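Data block below; observations after.
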Amino acid sequence: MKSVKFNFASRAGFVFAAAALAASAAFAGGTHGGGHDESPIGEPGVAANVTRTIEVDAADSMRFTPSNVSVKKGETIRFVIKNSGKVPHEFSLGTEKELKEHYEVMKKFPTMEHEEANKISLKPGKQGEVIWRFTKPGVVNFACLHVGHYEAGMKGQVKVAAK
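In mature numbering (1 follows the signal peptide of the UniProt record, and there is no 0), the protein residues as written are -28 to -1, 1 to 135.
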């Protein structure tokens, strides 16, 4: 019989990937406390329902341009993010608490890359998009969670008006 050996790093990576997948599924499905509650930041958008496209530059100055965006409740926005820098960046939508928690994970796994409904990782010179529907008024945060970038101020806000 053939035996397969896994080293600790492979096992740890596998466990982390499985945990991240489970967390993504939980996030996508909402919370379960007797029903489906909407995420405080909205929901993945559908390309056919995009009402506006907002271009965002992610630069090595550790800033997003624009860093403040205004939308209306119910709008589906296509964020087209371009990494104009020479280092990797990402665009991640979330509550301030979610972003800070994920930043702590990124400190442990700095080469982690994302391509989820609410976030995308971009290598230097690359471009990508996030399509998001804003379902509640208030503030939705975004940030680059690569180590050092968030602390350097690479973050912004989407202000969602009631209508």
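Don't be surprised by glycine CBs; every beta carbon is placed ideally from N, CA and C. Given the structure is predicted, the values throughout are model-derived calculations rather than measurements.
request  = Using only alpha-carbon positions, find the residue among Ile26, Ile49 and Leu65 that is nearest to residue 142.
outcome  = Here the chain has residues from -28 to 135 only, and residue 142 is not among them.
State yes or no: is the C-beta of Ser93 within less than 8 Å of the C-beta of Glu62? yes
Quick one: what does DSSP say residue 215 is sitting in, helix, strand or coil?
Nothing can be reported for residue 215: it is not among the residues displayed for the chain, which extend from -28 to 135.
Item to complete: Closer than 7 Å by C-beta to Pro12: which residues in its own chain qualify, once you throw out the five before and the five after it? Chain order, please.
Response: Thr67 and Lys108
Coarse secondary structure for Val22, derived from DSSP in three states:
Coil.
Margin query: Give me the DSSP bridge partner(s) of Glu48.
Written below: The identity of residue 48 in the sequence shown is Thr, whereas the question assumes Glu. Partner(s): Arg105.
What does DSSP give as the partner residue(s) for Gly66 in the beta ladder? Gly66 pairs with Asn113.
Taking DSSP as the reference, what is the three-state secondary structure of Lys72? Three-state result, Lys72: helix.
Check: Going along the chain, which residues of its own chain have a beta-carbon closer than 7 Å to the beta-carbon of Lys98, five neighbours each way excluded?
Finding: Asn55
TODO: For Glu76, count neighbouring Cβ atoms within 10 angstroms of its own Cβ and tell me buried if that reaches 16, exposed if not.
DONE: Exposed.
How big is the Cα-Cα spacing for Gly2 and Met126? Only weak support exists for where Gly2 lies, its pLDDT of 39 falling under 50; the value from the coordinates is given anyway. One C-alpha to the other measures close to 27 Å.
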